[in-house]
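Counting along the sequence shown from 1, when you hit position 285 you're at 401 in my numbering, and nothing is skipped either side.
Glycine is no exception: its CB is placed at the ideal position from the N, C-alpha and C atoms.
Structure first, commentary second.
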Amino acid sequence: MSDDRSIRDIRIEKLHRMREMGHDPFAIERFEITRSAQQMLDRFESLEGEKVSYAGRVVSYRLMGKAGFAHVSDGDAKIQVYFRKDDLGESAWEIYNLLDIGDHIGITGRLDKTKTGEKTIFADSLVALSKSLQPLPIGKTREVKDAEGNVVGEERWYELEDTEQRYRHRHLDLITNPGARAMLLNRARITTAVRHYFDSQGYLEVETPMLQLQAGGAAARPFTTHFNAYEMDVKLRISLELYLKRIICGDVPKVYEIGRVFRNEGVSNRHSPEFTMVEFYEAYANLEDMMTRMEECFKFVMLEVFGTATVGVLDFSKPWKRVDLLSEIESHTGLTQSDLANIGSAVKRAKELDVPGKAQKLGGFIDLKKENNLGGFIEKLLEVFVEPTLQEPTFVIGYPIETSPLAKKDPNRPGFTRRFEGYMLGRELCNAFSEINDPIDQRERFEDQLDQAKKGNDDAQLIDEDFIYALECGMPPTGGCGFGLDRMAMLLTGAEQIREVLMFPTMRPEKKHDG
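Structure (structure tokens):
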């Protein structure tokens, strides 16, 4: 007769048996730990012979007659534990026999080495602290040999390789994949280090509303929801900017926020509709001060989290490269500053230089028939021709006024603003301005954006009257900058996908299959 019990059924039966023995693993509230696995491994020579108390998850397990081994992990490291019936006693030995991969246990024992030289805890007591009712994903196996080299069994090592399941069930990823675990934990440490940097520079951390009547501060489509208590529709914020600048208007000279923002747009290797922004604003500072802050911040974070200022080809110990946007476009396309004086001359000259053909060779796409906005065309040229070449940390300076509605005009270059974007490894990382503090100029910019919206630009920013009112009450000269914390984490940890540094990325619901 076949056994139709599932793995879960069998494990529940083991749990019942533990409870019959008077040992309910889920009833235990606390277990005293004297050493972590890493401490024991790193300091083993000086600790050898010491009695230790340790707890963690069983990640490998094998039974050999009246003795057995397990590797027990506390998350950061694992150590081998040796169990012997004569040392444990009848009751604890039966508990050992009822264990499965994934269970949490607590043990006490003496630190020593096995005959093969492996650092081991020789257990003299054992308690089960939780029972894993689901099996961990099976990965690799390896042969187990005795002291004479004879194969005496096989040991399972658990690993989750399916990418979608890793993102969907992140707890399994954290348990089974050390590389993914390190990347996610370092992302959390990066967040902490960013906070330490701005705190050390005298910035005040604040919180601003996530639900807003009007989502502004960026060119993006918002998510919309309904506020039942007030019977009104509201939007999830797409930026932190306008509220933070209101605080500057309140004579708080340095503010920053690390916060979630939401943009109802596409998903890619570098884009997630829900992501974390860092924005900081400093009164009486300008664009160049913001460059210094970004350089210092990256160097500070690298040293605090990784103990070095370099990662791969990126060296944050030296100043970032500074380049002019139009000069870079000219060097890659042949389009000069005079060619880009207006949209008509820009499109005409781009056609003569076969810019669309050059873009196609690079894997980009430019349709000159659809280009009717000079600022948008210039930024398209930047995206296709310039961005991929910006490998070392670089500030690209001088952006067109049409696409920079919150940046001060450049007094030395009509039609352009005091704005930069930061790039490295071909990826945009940050966006900064010498901020507009002239309320009349700001209203005119918003009105221009309103005209663009009427012409079909869904990303255009609307007029925010409350923000204009704050400016009319007076805002000092201010420098401001925002950068994506997720992209920062990608660059510093080497992640290729933004989901690698998001603990719980949004996923489509799994399809349920009948039968």
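Kindly indicate the opening and closing residues of the alpha helix (DSSP H) around residue i.
i, result
"Ile126", "Ile123 to Glu136"
"Leu601", "Leu601 to Thr609"
"Leu306", "Before going on, a small fix: residue 306 reads as Ile here, not Leu. Start and end: Pro294 to Ser316."
"Val463", "Ile459 to Glu468"
"Ile211", "Glu206 to Asn213"
"Ala569", "Pro555 to Lys570"
"Asp582", "Glu581 to Glu588"
"Glu280", "Thr279 to Arg284"
"Ser162", "Phe160 to Leu163"
Expressed to the nearest angstrom, what Euclidean distance is found between the alpha-carbon atoms of residue i and residue j?
i, j, result
"Phe421", "Gly218", "With the sequence shown as reference, residue 421 is identified as Val, and Phe is not the correct amino acid for it. Val421 and Gly218: Cα-Cα distance of roughly 30 Å."
"Ala611", "Met299", "8 Å"
"Leu242", "Ile221", "7 Å"
"Asp315", "Glu321", "8 Å"
"Phe599", "Glu357", "11 Å"
"Ile552", "Lys524", "5 Å"
"Ser447", "Arg603", "27 Å"
"Met540", "Thr224", "50 Å"
"Leu352", "Glu323", "14 Å"
"Thr622", "Ser388", "8 Å"
"Gln154", "Ala304", "20 Å"
"Ser118", "Arg376", "Any reading at Ser118 is ruled out, since the residue's pLDDT is 49, under 50, leaving its predicted position unreliable."
"Ala548", "Gln476", "30 Å"
"Gly382", "Pro141", "46 Å"
"Met348", "Arg559", "26 Å"
"Glu537", "Val439", "10 Å"
"Asn302", "Ala425", "15 Å"
"Met410", "Ser355", "19 Å"
"Ile534", "Asn380", "Per the sequence shown, residue 534 should be read as Arg rather than Ile. So the alpha carbons of these two residues sit roughly 28 Å apart."
"Lys229", "Val617", "38 Å"
"Glu390", "Pro625", "17 Å"
"Ala186", "Ser384", "41 Å"
In the DSSP assignment, what are the bridge partners of residue i?
i, result
"Gly184", "Leu179 and Phe199"
"Ala244", "Ile221"
"Val350", "Thr341"
"Pro516", "Phe532"
"Tyr170", "Ile223"
"Gly538", "Phe511 and Cys546"
"Leu327", "Leu352"
"Gly320", "Residue identity differs from the one stated: residue 320 is Leu in this sequence, not Gly. For Leu320, which the question treats as bridged, DSSP gives the partners Val371."
"Ile237", "Val197 and Leu227"
"Leu596", "At residue 596 the sequence reads Gly, which differs from the Leu that was named. Gly596 pairs with Tyr397 and Phe549."
"Lys474", "The partner list for Lys474 (beta bridge, DSSP) is empty, contrary to what the question assumes."
"Lys496", "Its beta-bridge partners do not exist; DSSP assigns none."
"Ser189", "Arg173 and Lys194"
"Lys525", "Thr533"
Where do the N-terminal and C-terminal ends of the beta strand (DSSP E) with residue i fall, by residue?
i, result
"Phe549", "Arg543 to Ser550"
Would you say residue i lies against chain B (beta-carbon separation less than 9 Å)?
i, result
"Glu468", "No chain B appears in the structure shown, which is made up of a single protein chain."
Exercise. Any chance the region 447 to 454 sits against the region 424 to 434, with 3 or more Cβ pairs inside 8 Å?
Worked result: no
Exercise. Hey, which unbroken runs of the alpha helix (DSSP H) at 4 residues or more fall wholly within the region 362 to 447?
Worked result: 403 to 422
Exercise. Just checking, does the region 201 to 208 make contact with the region 147 to 164 on the three C-beta pairs under 8 Å criterion?
Worked result: no
Exercise. Below 8 Å, can you find three or more Cβ-Cβ pairs linking the region 363 to 376 to the region 327 to 339?
Worked result: no
For this session: Taking 8 Å as the threshold, find out whether the region 398 to 414 comes into contact with the region 480 to 488 through three or more Cβ pairs.
Result: no
Exercise. Taking contact to mean at least 3 C-beta pairs separated by less than 8 Å, is the region 516 to 536 in contact with the region 336 to 348?
Worked result: no
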